[in-house]
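Enquirer:
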Amino acid sequence: EYDGEVRFVGVNPIDDVDTMVDFADEVGVHYELFRDPDGRFTEAVRAVGFPITLFVDADGTVVAQTGEVDAEDIRRQVEQLL
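Residue numbers for the sequence shown follow my numbering, beginning at 3 and rising by one.
What follows is the structure, given as structure tokens:
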């Protein structure tokens with residue numbers, strides 16, 4: 003939809019790989035998924051609860067942060083940031 007302008011990535015600090023993959027298949031996730039078993043990423047972004055949604059610019063700076071979102075919420079935020 004965004005012709006390579008946006009990259010979606012999921013980071014999971016809690017579940018094992020099988021649980022992540024099963025959930026992704028169940029809900030139709032089609033983006034990269036990474037585990038954060040040591041919590042380094044979670045700590046770096048100062049996450050205090052889950053889910054957390056971060057919008058990060060090309061330089062790696064977090065430019066927006068929110069909790070649980072749906073597709074329309076993401077679309078709206080991405081359009082504002084592009």
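We put the beta carbon where it would ideally sit given N, CA and C, even for glycine.
Keep in mind the model is a prediction, meaning the values are calculated, not measured.
(1) Per DSSP, residue 84 forms a beta bridge with which residues?
(2) Quick one: measure Cβ to Cβ for residue 83 and residue 57, integer angstroms, because I've assumed they're closer than 8 Å.
(3) Identify whether residue 57 lies in helix, strand or coil by the three-state DSSP scheme.
(4) Judging by CA-CA distance, which residue of 17, 52, 28 is the nearest neighbour of residue 38?
(5) Determine the contact status of residue 80 and residue 33, defining contact as a CB-CB distance below 8 Å.
Expert: Taking the geometry as given:
(1) Beta-bridge partners assigned by DSSP to residue 84: none are found.
(2) That pair is a contact at about 6 Å.
(3) Residue 57 falls in the strand class under three-state DSSP.
(4) The option with the nearest alpha carbon to residue 38 is 17.
(5) No; because the gap between Cβ atoms is not below 8 Å, this pair is not in contact.
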